[in-house]
Amino acid sequence: MHDEQSKLPNIPSIKTSDNLLASEPTTQEIDALVVLFTQRRYAEAETTAIALIARFPKHGFAWKALGTVHRRQGRKDEAVAALKNAAELMPEDAEAHNNLGNALREQGRSIDAETLYRHALELRPTYVEAHYNLGCVLKDQKRVEEAETQYRRALELNPDYVPAHNNLGNVLKEQGRLEEACASLETAITIKPNFIESHYSLSSLKTYHENDPHQDMLEALLGEVKAMPVEARIRYWFALGKMREDVGLYDASFAAYQEANRLQHALLPFDETADEAAHKRMMDVFSKEFLAQRARPIDIGKAPIFIVGMPRSGTSLLEQILSSYPGVFGAGELSDMSEVITAALPDAAFERFPDVVPDFSADDFKRLGEHYSERVARLAPTATHITDKMPANYYYVGMIYLMFPNAKIIHAMREPMDSCFSCYSRLFNMKNLAFSYDQGTLGRSYVRYIKLMRHWHEVLPPGTILDLRYEDMVADTEGQARRLLDYIGLPWNDQCLAFHENKRRVKTASAAQVRKPIYKTSLARWKRYEGHLGELFGLVKDYRDVGD
Numbered sequence: 001m002h003d004e005q006s007k008l009p010n011i012p013s014i015k016t017s018d019n020l021l022a023s024e025p026t027t028q029e030i031d032a033l034v035v036l037f038t039q040r041r042y043a044e045a046e047t048t049a050i051a052l053i054a055r056f057p058k059h060g061f062a063w064k065a066l067g068t069v070h071r072r073q074g075r076k077d078e079a080v081a082a083l084k085n086a087a088e089l090m091p092e093d094a095e096a097h098n099n100l101g102n103a104l105r106e107q108g109r110s111i112d113a114e115t116l117y118r119h120a121l122e123l124r125p126t127y128v129e130a131h132y133n134l135g136c137v138l139k140d141q142k143r144v145e146e147a148e149t150q151y152r153r154a155l156e157l158n159p160d161y162v163p164a165h166n167n168l169g170n171v172l173k174e175q176g177r178l179e180e181a182c183a184s185l186e187t188a189i190t191i192k193p194n195f196i197e198s199h200y201s202l203s204s205l206k207t208y209h210e211n212d213p214h215q216d217m218l219e220a221l222l223g224e225v226k227a228m229p230v231e232a233r234i235r236y237w238f239a240l241g242k243m244r245e246d247v248g249l250y251d252a253s254f255a256a257y258q259e260a261n262r263l264q265h266a267l268l269p270f271d272e273t274a275d276e277a278a279h280k281r282m283m284d285v286f287s288k289e290f291l292a293q294r295a296r297p298i299d300i301g302k303a304p305i306f307i308v309g310m311p312r313s314g315t316s317l318l319e320q321i322l323s324s325y326p327g328v329f330g331a332g333e334l335s336d337m338s339e340v341i342t343a344a345l346p347d348a349a350f351e352r353f354p355d356v357v358p359d360f361s362a363d364d365f366k367r368l369g370e371h372y373s374e375r376v377a378r379l380a381p382t383a384t385h386i387t388d389k390m391p392a393n394y395y396y397v398g399m400i401y402l403m404f405p406n407a408k409i410i411h412a413m414r415e416p417m418d419s420c421f422s423c424y425s426r427l428f429n430m431k432n433l434a435f436s437y438d439q440g441t442l443g444r445s446y447v448r449y450i451k452l453m454r455h456w457h458e459v460l461p462p463g464t465i466l467d468l469r470y471e472d473m474v475a476d477t478e479g480q481a482r483r484l485l486d487y488i489g490l491p492w493n494d495q496c497l498a499f500h501e502n503k504r505r506v507k508t509a510s511a512a513q514v515r516k517p518i519y520k521t522s523l524a525r526w527k528r529y530e531g532h533l534g535e536l537f538g539l540v541k542d543y544r545d546v547g548d
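Everything in the sequence shown is counted per full-length UniProt numbering, starting at 1 for the first residue and increasing by one.
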């Protein structure tokens, strides 16, 4: 999601502060700093700001400038320190508090950032950027309705504020209000035709057609690509690939996808050696004998539901069907499982997971389960069941079994090439999906996943895991939905077949698809690109099933 980058602070704000020294930089010195910043000469801007601070240590503008430069350099801790000084020196300056909020948000401190944005708005209620930034941090906290309110307030104050139109479109998409989302994104593009974020977001919501004006807009931007920041280039190539695919230009589409993946793979490398070692250690530790020794009696009570598998394998569809059942809450992709396990390990032991697991007692596993349940229950206190569809939890199936003897573990499966190519043609928000941006890395990661799932089937009691194939769900939705409910222990309910009418929030790449009835257009999609996918096919062709 687009985040409003701090501009260099407005110069007039320093004139109103009561806390500045009588002496201050000359207008020429400040102008020189502004020029360096706008020209992105950040090292020189930093040197200039530090020199000003040395001469005028209580000059708020100099601290704001230094903090803003540090943000652009990615030096998060230094940015926070500098911007804290600015906010303390300029307590009545709304911009200083807003900028500090931005720096805190980049550290992942969303609650603290929210406080700063709200304070900025107390000082200046018409502060457009602060309304926008507050919307961003509320969205980070999954408070999408409140985020929508802030984006709309920003647009009331400035109807041409493109980032707010863009992010409003994204939160509307999460809420299933797809027509409104498209309209908001199209407004952003109308105002600023080269705003790549909105083209990228819109590409996942619409099907392009011949003579589509947005098709011409995207193609016309080819000449500007080299001048774009790398993150914008990546989004541009993914959007262009999707548009070309929709209009049947498959070779040109693949060229765009390939360039997007090349750039993202360079930006976000993946440590295959470490990943291979981690999967092997998991299988070594969680042997059949170890799991049998540590197994606990089945608990009586709410059974947590985990939907695991490869990304783009149908996990969102399964959760949408289940969450249509009365009393079942679809929590989406939760990071709680990995966070609970990590929090239980001393710093020195973290690098040795899962080798330290044999040191856990039965009570330790029970406690971990209780911690997870407490965290997740807050999301829906009255729900009878809560689903966690974090695909990567396939790695933790052994831990899940020992933490929750009554857990329901649903394994979403899909034809390997369809699953993998769907990953390859998407840009994910999560860094732990860095494997998906290169055919070789993607194929080998898929093989490791299947091998580990085969291991879980071999070492856990029969019936612990339910495998459900996406292709079977498409061919026989009701039959597979009945299998799903039987496994969980729920009687049939017709609402499960009206899953596309479910209005719950969906954040993942499938947000648009799950709002529609079952569709077959995604079956064998990879075949359109078969001539370009030889490396991937060679790696995964023998790993279709967990029983192979």
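Don't be surprised by glycine CBs; every beta carbon is placed ideally from N, CA and C.
Keep in mind that this is a model prediction, so the values were computed, not measured.
Mapping the DSSP letters down to three states, classify residue i as helix, strand or coil.
| i | result |
| --- | --- |
| Arg469 | strand |
| Ile386 | strand |
| Ala380 | coil |
| Lys64 | helix |
| Ala181 | helix |
| Lys408 | strand |
| Met413 | strand |
| residue 550 | Any property of residue 550 remains undetermined from this structure, which presents the chain solely from 1 to 548. |
| Trp456 | helix |
| Gln215 | helix |
| Ala498 | helix |
| Asn167 | helix |
| Gly101 | helix |
| Glu78 | helix |
| Met430 | coil |
At the level of alpha carbons, what is the spacing between residue i and residue j?
| i | j | result |
| --- | --- | --- |
| Ser445 | Ser287 | 22 Å |
| Ala43 | Asp364 | 50 Å |
| Ser253 | Lys242 | 7 Å |
| Ala120 | Ile111 | 14 Å |
| Pro416 | Glu122 | 53 Å |
| Ile341 | His265 | 28 Å |
| Glu156 | Ala49 | 35 Å |
| Glu129 | Gln495 | 42 Å |
| Pro391 | Phe195 | 32 Å |
| Gly60 | Thr187 | 37 Å |
| Ala377 | Thr149 | 27 Å |
| Asp476 | Asn393 | 27 Å |
| residue 554 | Leu66 | What is shown of the chain runs 1 to 548, which leaves residue 554 out entirely. |
| Val546 | Val308 | 13 Å |
| Ala81 | Met283 | 45 Å |
Just to confirm, is the Cβ distance from residue i to residue j under 7 Å?
| i | j | result |
| --- | --- | --- |
| Tyr325 | Asn493 | yes |
| Ala412 | Ser522 | no |
| Glu208 | Val247 | In the sequence as displayed, the identity of residue 208 is Tyr instead of Glu. The answer is yes: Cβ separation under 7 Å. |
| Asn447 | Tyr543 | According to the sequence displayed, residue 447 carries Val and not Asn. Closer than 7 Å, so yes. |
| Phe329 | Ala407 | no |
| Leu134 | Tyr117 | yes |
| Arg281 | Pro193 | no |
| Val540 | Gly443 | yes |
| Ala434 | Leu268 | yes |
| Ile386 | Phe306 | no |
| Phe238 | Ala260 | yes |
Within 10 angstroms of the Cβ of residue i, are there 16 or more other Cβ atoms? Answer buried if so, exposed if not.
| i | result |
| --- | --- |
| Met323 | Residue identity check: residue 323 is Ser in the sequence provided, not Met. It counts as buried. |
| Ile465 | buried |
| His131 | buried |
| Asp438 | buried |
| Asn429 | exposed |
| Asn211 | exposed |
| Val230 | exposed |
| Pro311 | buried |
| Leu222 | exposed |
| Ala45 | buried |
| Ala331 | buried |
Examine chain D for any beta-carbon lying closer than 7 Å to the beta-carbon of residue i, and answer yes or no.
| i | result |
| --- | --- |
| Glu186 | No chain D is part of this structure, which consists of one protein chain only. |
Task: Whole runs of the beta strand (DSSP E) within the region 300-378, excluding any shorter than 3 residues - done: 305-309, 328-330
Open item on the list: Extract the residue ranges of the alpha helix (DSSP H) inside the region 235-286, only unbroken runs of 4 or more that lie entirely within it.
Closed with: 250-267, 272-285
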